[in-house]
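For reference, the structure discussed in these notes is given below.
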Amino acid sequence: MAHIFSRLPDKPDHYALELEILEFWERERTFEKLHELNRDGPRFSFVDGPITANNPMGVHHAWGRTLKDVFQRYKALRGFDERYQNGFDCQGLWVEVEVEKSLGLNSKREIEEYGLAEFAERCKERVARFAEVITDQSKRLGMWMDWENDYYTFTDTNIEYIWRFLRAVHERGWLYQGHRSTVWCPRCGTSISQHEVFSGEYKELEHPSLYVRLPLKDRDGEALVVWTTTPWTLPANVAAAVNPSAEYVLRGDGTWVAKALDPETRVVREVLGAELVGLEYEGPFDHLPAQEGVVHRVIPWDEVSLTEGTGIVHIAPGAGSEDFELSRVHELPVLAPLDEAGRMLPGFGFDGLSTDDVEQPVIDDLEGRGLLLQAGRIVHRYPTCWRCGTPLVFRVVDDWFISAEEIRQPMLDANATVEWTPAFYSKRMDDWLRNMGDWNISRKRYFGLPLPFYPCEDCGTLSVIGSRAELEERALSGLEQLQELHRPWIDEVTIACSECGGEVRRIPEVGDAWLDAGIVPLSTLGWENPEYVPRGHATGAGEGLTTADLPDHAYWEEWFPADWVSEMREQIRLWFYSISFMAVTLTGRSPYRRVLTYEKLLDETGREMHRSWGNAIDVNEAVEQMGADVMRWQYCGQPPNQNLLFGYGPAHEIKRRLLTLWNSAKFLVDYANIAGWQPVWEDLAGGPVGELEPLDRWLVARTNALLEEATAAYESWLTVDVVRAFDPFVDDLSNWYIRRSRRRFWDGDETAFRTLWYALVQGLRAVAPLMPFLTDHLWRQLTAPCKDAPASVHLAGWPEVQTPDSALLEEVAELRRVVELGRQARATAGVKLRQPLRTLVVDGAALAQAHVDEIAEELRVKDVTFEEVDASELRVRPNLPLLGPKLGRELGAVRTALEAGEFEELAGGGFRVAGHELDFDEVLVERRGKEGWSVASSDGVTVALDTHLDDELVREGRVYELIHTVNTMRKEAGLELTDRIRLTLTQTDADLLADADWIARETLAVSVDADGTELRIAKA
Ligand SMILES: [Zn+2]
Ligand SMILES: [Zn+2]
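Using the numbering used here, the letters of the sequence shown correspond one by one to residues 10 to 1029.
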């Protein structure tokens, strides 16, 4: 017989099924069809924060990409037209560092020897290679994007847009060159901006801990004591700071320290810090050439710590940021001891040594001259480079900055227009904006945005070039070799100074990579671009990589600002910050209306994932082991304000739950094939047609409730609420509807089939954006007989949501609560569910009264009555997770009163105790019944089960047990659902033959006898 539905295997092979679906999407061009279908729909504008095309993607990237895909899919189901443009971040330090590694280069000098042109080519090759890898991984994850139309941040188009931005900030007077102390990575040879320092890691590092004597001039035998953990800064010492209002003591050995840091000492003299100010002392390295002419003196500083060190702080303005600030206040000389690579400069005594290598020589030197009071080691948290992990230092350098002062308030105003999910992150953004320093935009590196700054050495004019056309117009030389706007080619182009006409060169610096990603809402949408240029984004380094167009300004008006963006929380001070900075500067508006942000991904035990710790999970491996759907379900089930504990354990649990869905679909398929039942496509629009039984009407209502909840969840950008709605729906579908309707399916009941099919198919649609493969697979199976059904669930649109019958839902919810309590009562008494019992008494749950028969059947009791339960003993305990936060210090009194039985029971299951009214869910209620009764209670409902067994009940229990055993044997023997058997009972069970008809009916036996020595079945 030809089956109506294809058979489903016992469980899904996620991996194989997903590859099949991918192949189907590809073959049928499903995504393109969807895109086309919505072409005239309302617009949903999403702007993708670029992923760095520098390595394969990690499972944390897959989280973000899943969320992006989920909401794009949902909006597409609702008929929205979308852009689907993926973005790659392509230049800057991260790419350079990886290319350096792969080429075996480890310093800027080695890069320059290798050659900048070759180096740039290697960077471009790396980007192209990993863009491809990431694209493949994303497709495999089920992400639907307009692949091939990606934007690349290293294109000339993108660079030109940033140039326009830089020119605009210059025109407003925000651009300046700062001579300041900045955080510096000695390996990368560049300064690190504020937001990058936060992105880096603080590592536990061990450093020397030195107490150094600095003899006071004109005070014979007296010396200051300073403490340092950075010996390399001592040759740059120019001052010592004291807290002017703190007390300092002269100790017996002639040394001065803060009293607070050595309170036990024998004091020779005691003074306020202010009295030490102005004293001169001998520097630790006065004999070095760099120290020539420096007068060391004591300065006042209110910030001097009195909790560590000596209360006297060694000040080296060339080697620390606060020191540098103090040098401005007190007019101190600035001695900068390090070169770009973090090595000691000539004149500082330890030529060419690194900050680490210099440690021991400094210690020996100080010791030899009797200046070292004490030397130890200290382990402390120390910041490291976000890119290469090298410990950071401070250097005084000339960097380029954009002042944040004037844009701060407009950015805060713009943020006030943005709807954040979860809402409290809006305040995090505000905090960042209120505290943001000026934007350090220059990096002394190679493959990055060339800063278009041309300072004239003759007249001092700074020209900032705003476009390639302007560059060409003003160029004096080098245009002929300008293949793209990158170093080294751009460096060869000189221009004429706008003031004096002299020949000017570009500064060598490149830009912060967040400029590249920050301009995207303008550069990819064609802001102020006069005409639409097909393939106009495939310029410069992007040539041949993408077919992305450069749209015109009209297009930008249509698609800007983004309706929605989504990135990880750390992007508040990175991408969200940079796109806001640039868009607010140029357009006065926030580049996004809504944003979903989420926390970090950790391993399933809550540790950070690190390759070196062996707990990192590779994306490809996860896809193979879990399947993309299960990964996505794991991401989507996560509340965004908490860290995700990702791993195989949670994946296993998800698979177990999905199996219930699968089994329900398989149940329908198997029985429909037996009954020859055909689904009716039109049922999806209006609900199943026919003589619906109460249980059918309930499942329809339950399904509509799911659709309603899922819609609300998507509309509030919370996938976790979709998952939370779906799991109990599947439980209701399988463990209530199907279980209570088996007989009807067996009998080929048309209405039951239609109802179950409706619920299953609508349920799939509700979660299709989250789990695109499994839902499409099952959709294709379940709608295959319907010739009007779209070939893919993703082409079926969002289902009409009919208002569910909430009264009916509440009624059945109460019914299920009673049944659940009845099971608990059985379990407490140790009575198997198959053993029939006499009586159940229900107290509360008035709505469940309409379902007495179902309760009796579910709990296998003869009678169900609704009346007050006479429970002799009632124990009430606080539900601590809820009551602790609610009551605070009152909790103790409440607990004592509960223990003493001093409480009053309220209608609805609550209690009044010690002046508090507690809801039913805030307490744990335990009731002990009368002798022979088992009682269970929760949520204001109490049931009591008569556990007494008489002969008749025992005998009936044996029949149920027998039926269960036989049906298990049928399954184990591999019999079809329709196969008949001959059944032989043991002689000891002969008394059960009185129920032979019942037994035969439940086991499909054509004969039952009892002459065996063991229980046997044989196919008839
Ligand atoms: Zn570094
Ligand atoms: Zn000039």
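All C-beta atoms in this analysis are idealised placements derived from N, C-alpha and C, irrespective of residue type, glycine included.
- Every unbroken stretch of the beta strand (DSSP E) spanning 3 or more residues and falling wholly within the region 648-718 is given here in chain order: 653-655.
- Our two residues, N64 and L554, have alpha carbons roughly 17 angstroms apart in a direct line.
- Just so you know, the alpha carbons of K980 and E141 end up roughly 49 angstroms apart.
- DSSP places T364 outside any beta strand (DSSP E), giving it a letter other than H or E.
- Collapsing the DSSP output to three states places F410 in a strand.
- Every residue whose Cβ sits closer than 5 angstroms to any heavy atom of ligand 2 is listed here in chain order: C465, D467, C468, T470, C506, E508, C509 and G511.
- Residue pairing for W942: DSSP places it in a beta bridge opposite D955.
- Per the coordinates, the alpha-carbon of A906 lies some 11 angstroms from the alpha-carbon of E913.
- The alpha-carbon separation between R176 and Q94 amounts to approximately 27 angstroms.
- For G966, the CB contacts under 7 angstroms within the same chain, skipping 5 residues up- and downstream, are R843, Q844 and P845 in chain order.
- In the three-state DSSP reduction, P309 falls in the strand class (E or B).
- One residue list follows from the rule of a beta carbon closer than 6 angstroms to any heavy atom of ligand 1, given in chain order as C194, R196, C197, C394, R396, C397 and T399.
- Around the beta carbon of I60, 16 or more other beta carbons lie within 10 angstroms, which makes this residue buried.
- Residue state for C645 is assigned as helix, using DSSP reduced to three classes.
- Here N444 carries a helix assignment [DSSP, helix/strand/coil].
- Counting along the chain, the unbroken beta strand (DSSP E) around F97 starts and ends at G96 to D98.
- CA-CA distance, E540 to L708, rounds to 56 angstroms.
- A distance of 8 angstroms or more separates the beta carbons of I588 and L524.
- In this structure, V178 places its C-beta atom within 8 angstroms of the C-beta atom of I411.
- For D78, the closest alpha carbon among the candidates F738, L954 and V574 is that of V574.
- The secondary-structure analysis by DSSP pairs V276 across a beta bridge with R260.
- In this structure, R582 and E428 do not form a Cβ contact; the two beta carbons are roughly 20 angstroms apart against a cut-off of 8 angstroms.
- When DSSP assignments are scanned along the region 885-934, the uninterrupted stretches of alpha helix (DSSP H) that are 4 or more residues long and fall wholly within it turn out to be 889-896 and 900-908.
- Fewer than three Cβ pairs drawn from the region 468-475 and the region 142-157 lie within less than 8 angstroms of each other, which leaves the two stretches out of contact.
- Inter-residue distance for Y24 and I30 is about 10 angstroms (C-alpha atoms, whole angstroms).
- Scanning T874, E877, V878 and V903 for the CA closest to the CA of N888 turns up V903.
- In terms of CA proximity to Y680, S750 leads the group N158, L804 and S750.
- By the beta-carbon neighbour count (other beta carbons within 10 angstroms, threshold 16), V628 is buried.
- Contact check between the region 91-107 and the region 783-798: fewer than three CB pairs, one atom from each, fall below 8 angstroms, which does not count as touching.
- According to the DSSP secondary-structure assignment, Y211 is paired through a beta bridge with P392.
- Put simply, the backbone Cα of R578 is about 27 angstroms away from that of E662.
- Spatial neighbours of L891 in its own chain (CB-CB distance under 6 angstroms, excluding positions within 5 residues in sequence) are listed in chain order as E931.
- Non-local C-beta neighbours of S743 in its own chain, meaning closer than 6 angstroms and more than five positions away in sequence, comprise T669 and S673, ordered along the chain.
- When DSSP states are grouped into helix, strand and coil, N424 belongs to the helix group.
- Less than 8 angstroms divides the Cβ of L288 from the Cβ of V307.
- In this structure, DSSP gives S750 a helical state, which the three-state scheme calls helix.
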